[in-house]
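Inspection log for the structure reproduced underneath, given as structure tokens.
2 protein chains.
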Amino acid sequence: MSLLLSQRPSDQAELENFGVDWVVHYQFDDVEISKATSEYEALIHDLHEAHLETQVRHGHGASVLIFIRVPRAYLGNLVHQSRVKDWLYGIIHELPVGDNDTIADAETPAEALRSVYHAVTWKKSLGGAHITPKHGKWKNIASAFPLHDQAANAELLRKWSKTILLMAEDLDAIRALFGEKVAFYFAFIQSYSLFLVFPAAWGMLCWYYSRSYSITFAVGNCLWAMVFVEYWKIRETDLSLRWQVNGVGALKVTRTQYVWEKEVRDKITGEVTQIFSPYRQFLRQLLLVPFTSIASLALGGLIVVTFALEVFISEVYTGSLKGYLEFLPTILFSLCLPSITNLLTRIATRLTKYENYRTQDQYDLAQTAKQFVMHFITAFLPTILTAFVYVPFGARIVPYLNIAYLRGKATDVPRDFHVDPSRLQQEVIYLSLTGQVLSFGEEVVLPYVKRIAMEKWRDYRSKQAVVEHRRNVSQATNQVLVDEVEESAFLSRVRSEAEAVEYNVHEDTLEMCVQFGYLTLFGVSWPLVALGFLVNNWLELRGDFFKLSVECQRPPPIRADSIGPSLQGLEVLSWLGTLSTAAIVYLYRDGMTEIHLSSFLLTILLAEWAYLGMRYAVSTGLAKILSSTLRRESAKRYAVRKGYLEASVSSGPGGSPPRGKLRVRFRDKVTVYTSATDPPSPQSEEELHEATLDDSERRFWSGNAVEDGLRMIKALGTSAADSTGKMRKEL
Amino acid sequence: MSLLLSQRPSDQAELENFGVDWVVHYQFDDVEISKATSEYEALIHDLHEAHLETQVRHGHGASVLIFIRVPRAYLGNLVHQSRVKDWLYGIIHELPVGDNDTIADAETPAEALRSVYHAVTWKKSLGGAHITPKHGKWKNIASAFPLHDQAANAELLRKWSKTILLMAEDLDAIRALFGEKVAFYFAFIQSYSLFLVFPAAWGMLCWYYSRSYSITFAVGNCLWAMVFVEYWKIRETDLSLRWQVNGVGALKVTRTQYVWEKEVRDKITGEVTQIFSPYRQFLRQLLLVPFTSIASLALGGLIVVTFALEVFISEVYTGSLKGYLEFLPTILFSLCLPSITNLLTRIATRLTKYENYRTQDQYDLAQTAKQFVMHFITAFLPTILTAFVYVPFGARIVPYLNIAYLRGKATDVPRDFHVDPSRLQQEVIYLSLTGQVLSFGEEVVLPYVKRIAMEKWRDYRSKQAVVEHRRNVSQATNQVLVDEVEESAFLSRVRSEAEAVEYNVHEDTLEMCVQFGYLTLFGVSWPLVALGFLVNNWLELRGDFFKLSVECQRPPPIRADSIGPSLQGLEVLSWLGTLSTAAIVYLYRDGMTEIHLSSFLLTILLAEWAYLGMRYAVSTGLAKILSSTLRRESAKRYAVRKGYLEASVSSGPGGSPPRGKLRVRFRDKVTVYTSATDPPSPQSEEELHEATLDDSERRFWSGNAVEDGLRMIKALGTSAADSTGKMRKEL
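Line order of the protein sequences matches chains A and B. For what it's worth, the UniProt record's numbering labels the leading residue of the first sequence as 1, then goes sequentially. For what it's worth, the UniProt record's numbering labels the leading residue of the second sequence as 1, then goes sequentially.
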């Protein structure tokens, strides 16, 4: 029983969360009260059936918040079972000591929360409550999420604002708070930013000492991109082994939406597996080809038209309102882009659903791959058009725009129209600097302002609503609709978290990939691009963490062993980057004079061969030099087996496991990185159960979720119906 | 004790080998007798110290054959220890049942022989006798090798001569006889030949229905090459898992020649490892670049000169003896090639030694990589010159040859010299068909004839020598120099095996790679190439097995999990093949008319992009469709762990291992593939020891190796000295 130390002792951070492990946000705006009550009862029933304790408070508007708490002993056992499963699937090498009833101590908050997540979402056959927000039976559940650990978040943000570099321990801390999937993103942006120091310094040197479009810088930049991608591949394996998540994709559970053709009992394991023909799936995946074509055509067409209009207005058009009209194409483009992107995203989502992936991981990856294509087109096509069409061929193309327009009329534009080759550089400078600042504002600042404003407005509304309620409902109901004084701060925080958006780590990763792509594709035209990106990323990293911890719901601590398909994106970009750099240097170096198609093609071909050759050398060399990780991993396996062998020869299986190296606790505000060393003194289970809850918490958990909830639904549902009714009348 | 069933019961094949496990061939032609005797004594001492039984007979000339036999119980324990080591290094998933004294039954002859090999060659600290033929202390040991299993070899050869395809069981049989490294080569040639059916059929179709240099055939051929390489990668993993050798490189022992910088005690495992900086090794490996350049220049120069001379003589020269002179360049080339190749091989070997690899495996791979480069140049450069230099530019270049020669004289050759574009096709036909037949003769038939002739001559010589011995030496010595009647057939076989060459599996693999390369690079110029190769390979496979089993020493059954660096060679060839095919089709399709450099480059660039794109699609698709192997592997691990978990929960560790699926025994002549099913009845160790040796075998093992050997050395050494003395006198 000495292992029964829960992850949530009575420290400051815990107190603020009132021992709540998970929150389910049930909304019933558009639901009839009778249906809402029955759904609510079923929800509570399912949760209780899965051994979860529940409590309920009202949310904003017609919604209730169901607070879930997993009994400590049960949670400890879930953690142990999860580790045994890891061992069965070969994720970890040593079998956790214990039997079916062992209660294990989670190493990190994320590990504990992951077990909670499984208890809430897994199918009933797997022992979960099968709560699937926004899907099927539970489509009225808006979200289900864990609560932020405010103290730890604040501590990390404070620490990072003072440092330049993130250390391994910082990444471990993110992993401990948010799980490996999120930690991989931060590890990526950290490695990437660190690597950016080279092209930034190299760029400054070349900018100062050599001519523009310098071959020296081009070669350095391309090599850097290649080395970074190969390094990251090794680093990723390194991290996945350090965090013991290598190959974790294998044990992910089946998505509820998965359609299988047959169930097969595996001859070797005896487990029942659901099979969907990989051949059919591959055929379905081939639909990616027409999708990519359509997306390219739609987005590319839009971009080309905008571009042509812009050129036309700025270079050819001489009519009235020219000053205003110049902005028109960009404005139109900005207006059309969201709806086209939305449409494409919807198609992409349907496609991904049709591709029918077994696990959520695979689903996410396939969806991200499609978004990558779309991002790629919108981000790079304008600059590609400038670099390889407008500047080289502008002098030939632009007069046609003129002629097409002024058919028959006298030509206003002189025939020897000349495009300024520095336009590419201007565009790169604008997009790489201004663009980054704007996107940061759009991503972090704007949502923050919006959220604050929204909250103010809602506060105002809800105060009015409370007054109305008072008049309408009984005393007992009234009590459940008014927050206790000691809970009110906590509840208002939970309500705002319930309204917050979900954090999408793939989006952030993609953003970094696009930045990387911009540097490799067009960096050669202005060597200071990397410097700008380096500065931006210092802020970006902290901004992303701020967004994650303040503006988004805490994501379920999902495990992953890679940044996903973005890695392939990086490889493609470093390859395209070499071709593009060679092409730009060839075209622009001598100011667009003496260009021959055959020598242009030869340049590209040679650049490509150099790329292929160098990549092979770099990956072989790096793998050789950085092979220590894999060696350490096999040494560890060797040690475990050796120890087991010795133990089994002398007596039986045993030996206490040397786990806990990476143990990270957020025990108090001062030492975020404390690693727990003192084992807790043995206590009886009851004592422990009590010890984890203080007075206010016990009070919080004392109500009856079923009764309270039903009362709330009736009260809030009626008032919501009233107010909609009123509004209808008023209209 | 029930596991004590040795791999060598009293069956036919065993009888013929007199229970001999290993043979050491000690030669002392150039050694003083006193030194020879002390070396011999040390050898026998070392062998006895390593718990090996020895027996001695004289060999051809001044040499003795030391027969080694590992006591059955000791061998069984070695096999068990080896399996435990496999488990420790993660090669197999389940710990073999037993303790330090367990005696295991080898699954295959190769497994038993591998343990014998280790006992003979491993360092004394590892429990071996540290016999290292041709190296250091043992540089007078010409070879150390196991004896062929004549019956099994003959049976396999007989079976294969009647079938078209090799089955999985045939590959398992090769593995059981010769180990995984050799089996991988046969698996490769089998898969490759099977795959050849497609381009053979496709080629016939295209040859019949479409024009020459058809794009249809070109695309099919390139796609086929790509699919084959990607398929083989998966197949290789499949086989390595089936044969339980995946990742086997990790447990290979350190080479005697390895130089390390420091010894480090691993923190995790506690094992001492010898470390040589991987960074320094990488730097040394970079010497491959100048080596490749030098090799290319030397071989390339030779080829270019030969080519130019040939062209000059056949096309320009009109002087006397033209008919004979035409063959001169080729003859000169053939005369120079071996010495240049030898020189380059020597440089390559020194380079590989300098690169200082820890294991023999890594050493072999590095050496093979260098040979690959040399093979590549000699095999492909002549045809590349024909295809891309002589035919397209011949009309421009050849007149220069003429002018250079006839400086100032009148020009005999008309200026509008024209090269026949069909020359490429003729060359491809000649090289792919005649070349294959000639190389088969050179590789299999010629050595066979040579060996037979050599044996006849030696028989004649040794008969004379025996007569001489009789006169010179004592009666006791005389007895050891004359074979017993019942042993004489066996001994003459062993003597001829001792003189046989070592089998180099890399050479055979390289030969297949060169064939593959020829098909991908130039196959498009004559679609029937693949058909020819297909027919050739049917013979090649059997010829190689004949060579392996009759003309070579039985190789030590070394394990490997791949065909090695040839795999990378195949990848490079399929890439180069695409480029070459595109170029040939572009150049030759319209009979060398309308060629533009820019469209030529564009063709190559597009072909390369198509290749890169398709390869990604093919490898992704194949990995998806053929993923069953890896799934099965993880299922197996899961099952093992699950079983262990259940066992450990209920009692302790245990459960009998379900090994032996692949067990292959060569028990008698009729059923080569019998899998042993009846467990042997328990017997006492002594009985078993006796049971494994019959009368003649017991007699064979009854002599005293030390005394007999010393007597032989003295006798043979003296007579050798006598005869050299005589010869010197005679001269």
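Ideal Cβ positions, reconstructed from N, Cα and C, are used throughout, including at glycine.
The beta strand (DSSP E) spanning residue i covers which residue range?
i: S63/A; result: 63 to 69
i: residue 732/A; result: An answer regarding residue 732/A cannot be provided, because it is not within the stretch 1 to 731 covered by chain A.
i: R235/A; result: From DSSP, R235/A is part of no beta strand (DSSP E) but of the alpha helix (DSSP H) over 215 to 242.
i: T383/A; result: No beta strand (DSSP E) holds T383/A; the alpha helix (DSSP H) holding it covers 360 to 385.
i: T54/A; result: 53 to 58
i: S191/A; result: Taken as a continuous stretch (DSSP letters only), S191/A belongs to no beta strand (DSSP E), being part of the alpha helix (DSSP H) at 180 to 209.
i: S143/B; result: 141 to 145
List the residues of chain A that residue i touches, going by C-beta distances under 9 Å, in chain order.
i: F282/B; result: T620, G621, K624, I625
Just grab the DSSP bridge partners of residue i for me.
i: K262/A; result: I275/A
i: W22/B; result: I68/B
i: F700/B; result: In the DSSP output, where bridge partners are listed per residue, F700/B has none listed.
i: Q27/B; result: S63/B
For residue i, which residues in chain B fall below 7 Å Cβ to Cβ?
i: L602/A; result: L601
i: L597/A; result: S598
Just reading off the alpha helix (DSSP H) that residue i is part of, what are its end residues?
i: V304/A; result: 288 to 311
i: I604/A; result: 597 to 625
i: R493/B; result: 485 to 499
i: I347/A; result: 328 to 355
i: N537/A; result: 529 to 546
i: E155/B; result: 150 to 162
i: M512/B; result: 505 to 522
i: E41/B; result: 33 to 49
i: A106/A; result: It is not in any alpha helix (DSSP H) - A106/A carries neither H nor E in the DSSP assignment.
i: Y324/A; result: 322 to 325
i: S422/B; result: 422 to 429
i: Q436/B; result: 435 to 440
Kindly list, in the order they appear in chain B, the residues whose Cβ is closer than 9 Å to that of residue i.
i: residue 732/A; result: Residue numbering for chain A in the displayed model covers 1 to 731; residue 732/A lies beyond these limits and cannot be assessed.
Closer than 7 Å by beta-carbon distance: list the chain A residues that pair up with residue i, in chain order.
i: T605/B; result: Rather than Thr, the amino acid found at residue 605/B in this sequence is Leu. Within 7 Å Cβ-Cβ: L601, I604, L605.
i: E608/B; result: E608
Closer than 9 Å by beta-carbon distance: list the chain D residues that pair up with residue i, in chain order.
i: W87/B; result: The chain inventory of the structure shown lacks chain D, comprising the protein chains A and B.
If the cut is a Cβ gap below 8 Å, which residues of chain B does residue i touch?
i: V84/A; result: L645
i: A250/A; result: S634
Chain A partners of residue i, CB-CB under 8 Å?
i: P278/B; result: K624, I625, S627
Can at least three beta-carbon pairs, one atom from the region 261 to 279 of chain B and one from the region 613 to 633 of chain A, be found at a separation below 8 Å?
-> yes
Report yes or no: do the region 378 to 386 of chain A and the region 424 to 442 of chain A share at least 3 C-beta pairs separated by less than 8 Å?
-> yes
Which residues, in order along the region 558 to 572 of chain B, keep a beta-carbon less than 8 Å from a beta-carbon of chain A?
-> So nothing in the stretch comes that close.
Count the C-beta pairs between the region 98 to 114 of chain B and the region 536 to 543 of chain B that are closer than 8 Å, then say yes if the count reaches three, no if not.
-> no
Should the region 89 to 96 of chain A be regarded as contacting the region 492 to 502 of chain A, the criterion being three or more beta carbon pairs within less than 8 Å?
-> no
Listed from N- to C-terminal order along the chain, which residues in the region 371 to 403 of chain B have their beta-carbon within a distance smaller than 9 Å of any beta-carbon of chain A?
-> none
Selection of the region 522 to 541 of chain A by Cβ proximity to chain B, strictly under 8 Å = none
Contact between the region 501 to 515 of chain A and the region 562 to 571 of chain A: three or more CB pairs below 8 Å?
-> Contact holds: three or more Cβ-Cβ distances are below 8 Å.
Near-chain A residues of the UniProt domain "Anoctamin alpha-beta plait" (19 to 141) of chain B - C-beta to any C-beta below 8 Å = V84, W87, L88, Y89, G90, L95, D99, N100
Please confirm if the region 158 to 169 of chain A is in contact with the region 519 to 527 of chain A, defined as three or more CB-CB distances below 8 Å between the two stretches.
-> no
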